[in-house]
Amino acid sequence: ERRLLLRRQLAAAGHVGEAADQGAAAALLGLTLGGVGRFSGSLRGRYLGRRALVPDGTAFSTPSFVMNGNADIRLTGRWSIGIGGFNLLNRRYEDITYYFDTRIRDPRPGGALEPSTAPDYVTHPGEPRTVRLQLRLRL
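Count the sequence shown with this note's numbering and you get residues 435 to 573, in order.
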C-alpha cells in the first residue's frame with residue numbers, strides 16, 4: 435500500500451505552555467513517505483520564533499529553524515537499514531536558552547569567581563549537521 439502523508443502543524447507557542455504566554459511562534463512541518471515497497475522516509479522542519487526569557491521582556495531568545503530527515507530500507511521481514519540526518523542545513527542555533535544571574539569562574543588554574551552576579555544568557559547549542567546509520571532487528 436502506498437501512502438504519502440503530509441503533516442503540518444502550526445502552534446501559537448514554541449515550547450507549549452510558558453512560551454504561549456510570551457507570544458512565541460512555532461511551526462512544525464513534516465513529510466512522511468511509507469509503505470512504498472521496501473522504502474520509507476521522512477523530512478521534518480521546526481521553526482521556533484523569538485520569545486521572551488524573562489517576564490519583563492528585556493531578554494529574548496533567537497529564532498531558529500532546523501530540518502531533519504531519515505530514510506529506511508527493509509532488507510527482510512525483521513531487518514532494516516536506515517540513515518538519519520540532523521540539522522541538514524547545518525545552521526547554528528540554540529537548542530535552549532535561559533537568562534538569569536550568573537557568577538563565572540576564571541577558567542585559568544586557581545581562577546577566582548567574579549565578585550558579584552550579573553544577568554547573562556546561558557545556552558545549549560544545537561548539534562551541527564550529523565548523519566547516523568542504523569541497523570535494526572525487529573524481535
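All residues carry an ideal CB built from backbone N, CA and C; glycine is no exception. Just so you know, these numbers come straight off a predicted model, no measurement behind them.
For residue j and residue i, the rounded distance between their alpha carbons
{"i": "Thr557", "j": "Arg537", "result": "15 Å"}
{"i": "Arg539", "j": "Pro562", "result": "27 Å"}
{"i": "Phe534", "j": "Gly479", "result": "29 Å"}
{"i": "Leu487", "j": "Asp554", "result": "11 Å"}
{"i": "Ile458", "j": "Leu571", "result": "The sequence as given places Ala at residue 458; Ile does not occur at that position. Near 41 Å, if we compare the C-alpha coordinates of Leu571 and Ala458."}
{"i": "Leu509", "j": "Pro489", "result": "53 Å"}
{"i": "Leu523", "j": "Leu477", "result": "12 Å"}
{"i": "Thr564", "j": "Ile507", "result": "20 Å"}
{"i": "Arg472", "j": "Leu573", "result": "18 Å"}
{"i": "Gly560", "j": "Arg542", "result": "27 Å"}
{"i": "Gly464", "j": "Ser495", "result": "24 Å"}
{"i": "Pro549", "j": "Thr531", "result": "24 Å"}
{"i": "Arg485", "j": "Thr551", "result": "24 Å"}
Residue i - DSSP class collapsed to helix/strand/coil
{"i": "Ser498", "result": "strand"}
{"i": "Tyr527", "result": "coil"}
{"i": "Arg485", "result": "coil"}
{"i": "Thr536", "result": "strand"}
{"i": "Ile467", "result": "Sequence inspection shows Leu at residue 467; the Ile mentioned does not correspond to that position. Note: Leu467 maps to strand in three-state DSSP."}
{"i": "Arg566", "result": "strand"}
{"i": "Pro553", "result": "strand"}
{"i": "Leu472", "result": "Residue identity check: residue 472 is Arg in the sequence provided, not Leu. In the structure shown, Arg472 sits in coil (DSSP, three-state: anything other than H, G, I, E or B)."}
{"i": "Arg572", "result": "coil"}
Beta-carbon separation (whole angstroms), residue i vs residue j, contact threshold 8 Å
{"i": "Ala460", "j": "Gly483", "result": "7 Å"}
{"i": "Asn521", "j": "Gly475", "result": "Rounded, the Cβ-Cβ distance is 17 Å, inconsistent with contact."}
Sequence-distant residues of the same chain with beta carbon closer than 7 Å to residue i, five excluded per side
{"i": "Leu547", "result": "Arg537, Arg539"}
Same chain, Cβ closer than 6 Å to residue i, five either side skipped, listed in chain order
{"i": "Gly518", "result": "Asn504, Arg566"}
{"i": "Leu569", "result": "Ile515"}
{"i": "Tyr481", "result": "Ala461, Phe499"}
- Task: Pair every Cβ in the stretch 514-529 with every Cβ in the stretch 487-506, then say whether three or more of these pairs are closer than 8 Å.
- Result: yes
- At a cut of 8 Å, does the stretch 463-471 reach the stretch 509-526 through at least three beta carbon pairs? no
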